[in-house]
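For reference, the structure discussed in these notes is given below.
Number of protein chains: 2
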Amino acid sequence: MEETEPPGGALRRLPWLVATSQLLGLLCVALGAVWTAYFRGGFAWEGDLLFNVHPLCMVIGMVFLYGEAILIFRIFRNEVKKSVKIIHGIVHVGALIAAIIGLVAVFDFHQTKGFPHLYSLHSWCGLGVVILYFVQWLLGFGFFLFPRAAPESRSAYRSIHTFFGLALFVLSVATATMGLTEKLIYAIGDRYGEYPAEGILANCLGLALIGFGAAVAYVVTRDEWRYRRHDGEEAPLSLHFQRFSDERAD
Amino acid sequence: MEETEPPGGALRRLPWLVATSQLLGLLCVALGAVWTAYFRGGFAWEGDLLFNVHPLCMVIGMVFLYGEAILIFRIFRNEVKKSVKIIHGIVHVGALIAAIIGLVAVFDFHQTKGFPHLYSLHSWCGLGVVILYFVQWLLGFGFFLFPRAAPESRSAYRSIHTFFGLALFVLSVATATMGLTEKLIYAIGDRYGEYPAEGILANCLGLALIGFGAAVAYVVTRDEWRYRRHDGEEAPLSLHFQRFSDERAD
Chain A
17 MEETEPPGGA
27 LRRLPWLVAT
37 SQLLGLLCVA
47 LGAVWTAYFR
57 GGFAWEGDLL
67 FNVHPLCMVI
77 GMVFLYGEAI
87 LIFRIFRNEV
97 KKSVKIIHGI
107 VHVGALIAAI
117 IGLVAVFDFH
127 QTKGFPHLYS
137 LHSWCGLGVV
147 ILYFVQWLLG
157 FGFFLFPRAA
167 PESRSAYRSI
177 HTFFGLALFV
187 LSVATATMGL
197 TEKLIYAIGD
207 RYGEYPAEGI
217 LANCLGLALI
227 GFGAAVAYVV
237 TRDEWRYRRH
247 DGEEAPLSLH
257 FQRFSDERAD
Chain B
17 MEETEPPGGA
27 LRRLPWLVAT
37 SQLLGLLCVA
47 LGAVWTAYFR
57 GGFAWEGDLL
67 FNVHPLCMVI
77 GMVFLYGEAI
87 LIFRIFRNEV
97 KKSVKIIHGI
107 VHVGALIAAI
117 IGLVAVFDFH
127 QTKGFPHLYS
137 LHSWCGLGVV
147 ILYFVQWLLG
157 FGFFLFPRAA
167 PESRSAYRSI
177 HTFFGLALFV
187 LSVATATMGL
197 TEKLIYAIGD
207 RYGEYPAEGI
217 LANCLGLALI
227 GFGAAVAYVV
237 TRDEWRYRRH
247 DGEEAPLSLH
257 FQRFSDERAD
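Chains as they are written, first to last, in the working numbering: chain A, 17 to 266; chain B, 17 to 266.
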């Protein structure tokens, strides 16, 4: 069933909002990289610098790539559904790999330093989010890609998948802001109150994470930009990408 | 226009979900009270205990009452719209008063202790949320209650009001979890890693806040429980409340 297109005005706003979300997403990764590489001393797979792998991987995986995977159904809203689903799944695999590297880094760091594990609210939320995210990935894979459930089950699960997908993404952003708060107080402590460059930059990273989360949530919850269902699912992705580019050029 | 009722199964789930949200909301207030009154030493309008007014008022105002105000359109979904709007507005006034007391407490506390203001990510987000929340309250009042905009403007603004209302509520919950993290590290520091009762209780408060936020978001974003529009808006609230109670008793 080809759904009716929303009025042109609503469609013209989509590329601008997607562009804004992309700028905010890239800003998150850039500020995360500057904070860990410049202010926190860079990366290593041992010693003090091992910790820095954790926030950067989490920002890249559980915020940036996770958000991109959600947005894909709006960016390629005229594409063949199967192709879009496969890209959605692949981007989520990337997010999961980054998250696992980030988790291994922080557990390893705590282990070698003799720090206790899993005592803070950030750590409880973080572990919970990654586990639920993995369960959501498995269910999504099973229902929508392989083995692929019956149409009624797919339809019933779709609304749960989209709600919990977005809810976990938002919780992931919130968990990142808690982790940022925790690390800043442990690392710079009382100096935080003197408005140092590191504190300001890390706060801006927090605002960028929240802004990216809000932009993704806004784009995916508007009715007018929902994915269009197609009868014929054969048109190549590249052709449709051309159409999306044309729309952007409007 | 009287909208078609969703199937009975979907309606029967609503009271259970509302009950769950209420239990989680009350748990937030209870855990917030135990944490500040028992573990942090209670309340006073001067000295060290002044600080404790801040988290408790923020949990009551910007989380619990804010969430209740949003849920009201689902709890009283069969009521006369004007009555529900007025209750929605009144509960939001309560939330705003609690938030202002909470803000005055923390600014006063910082002032008398000589602590710097507004340096942390929590403080930036918190101040931003309260200001935007107040703007949203004013716009809602102007568009929907007094002076009341033209139907087309109301309808155009309604989707913005509901999105930003929920988004600011979620940001408010996230800001609370950041504040909790900040205060715990400043107050119990290294002991946090020894799994003390205070740390566990405060982490549970954080989980309750997130749970309440998720329950509210779930109930208000499901299509099947949207507020029903009425042609005749005269039926008394009490009559409809009776109807809601009957549904719950099913």
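For glycine and all other residues, C-beta sits at the position ideal for the given N, C-alpha and C.
Grab the span of the alpha helix (DSSP H) containing residue i for me, first residue to last.
{"i": "Pro167/B", "result": "167-204"}
{"i": "Tyr149/B", "result": "137-156"}
{"i": "Leu72/B", "result": "69-74"}
{"i": "Gly83/B", "result": "82-91"}
Return helix, strand or coil for residue i, following the three-state DSSP convention.
{"i": "Ala26/A", "result": "helix"}
{"i": "Glu240/A", "result": "helix"}
{"i": "Leu309/B", "result": "Residue numbering for chain B in the displayed model covers 17 to 266; residue 309/B lies beyond these limits and cannot be assessed."}
{"i": "Phe125/B", "result": "helix"}
{"i": "Asp64/B", "result": "helix"}
{"i": "Leu134/A", "result": "coil"}
{"i": "Val235/B", "result": "helix"}
{"i": "Arg56/B", "result": "coil"}
{"i": "Asn219/B", "result": "helix"}
{"i": "Arg207/A", "result": "helix"}
{"i": "Phe160/A", "result": "helix"}
{"i": "Val96/A", "result": "coil"}
{"i": "Pro31/A", "result": "helix"}
{"i": "Gln258/A", "result": "A caution first: Gln258/A carries a pLDDT of 43, below 50, which makes its placement in the model too unreliable to give a value."}
Closest to residue i by C-alpha separation, out of the options, would be which residue?
{"i": "Asp206/A", "options": "Trp32/B, Pro132/B, Ser99/B", "result": "Pro132/B"}
{"i": "Tyr211/B", "options": "Leu134/A, Gly110/A, Cys44/A", "result": "Leu134/A"}
{"i": "Val189/A", "options": "Ala165/A, Ile103/A, Ala231/A", "result": "Ala231/A"}
{"i": "Arg56/A", "options": "Arg238/A, Pro31/A, Val69/A", "result": "Val69/A"}
{"i": "Gly118/B", "options": "Asp239/B, Ile216/B, Ser139/B", "result": "Ser139/B"}
{"i": "Glu214/A", "options": "Gly48/A, Arg29/A, Arg238/A", "result": "Gly48/A"}
{"i": "Leu154/B", "options": "Leu187/B, Gly195/B, Gly105/B, Asp64/B", "result": "Gly105/B"}
{"i": "Phe185/A", "options": "Ile204/A, Tyr82/A, Tyr173/A", "result": "Tyr82/A"}
{"i": "Arg174/B", "options": "Gln152/B, Gly195/B, Pro163/B", "result": "Gln152/B"}
{"i": "Arg93/B", "options": "Pro31/B, Pro163/B, Gly222/B, Cys220/B", "result": "Pro31/B"}
{"i": "Arg28/A", "options": "Gly63/A, Ile91/A, Thr193/A", "result": "Ile91/A"}
{"i": "His126/A", "options": "Arg244/A, Leu66/A, Phe59/A", "result": "Leu66/A"}
{"i": "Arg242/A", "options": "Ile102/A, Lys97/A, Asp64/A", "result": "Lys97/A"}
{"i": "Leu143/A", "options": "Tyr234/A, Gly63/A, Gly222/A, Ala192/A", "result": "Ala192/A"}
{"i": "Ile216/A", "options": "Cys220/B, Leu137/B, Phe150/B, Glu168/B", "result": "Leu137/B"}
Tell me, please, whether the region 150-164 of chain A touches the region 193-203 of chain A by the rule of three or more beta-carbon pairs shorter than 8 Å. no
Three or more C-beta pairs below 8 Å linking the region 107-119 of chain B and the region 76-88 of chain B: yes
When you compare the region 77-97 of chain A with the region 178-187 of chain A, are there three or more beta-carbon pairs, one atom per stretch, that lie closer than 8 Å? yes
Using 8 Å as the Cβ pair cut-off and three pairs as the minimum, do the region 219-233 of chain B and the region 38-58 of chain B touch? yes
Inter-stretch contact at 8 Å, needing at least 3 Cβ pairs: the region 57-76 of chain B / the region 112-125 of chain B: yes
Quick one, which residues of the region 225-247 of chain B are near chain E if we go by CB-CB under 7 Å, in chain order? Reference to chain E is not applicable here, since the protein chains of this structure are A and B.
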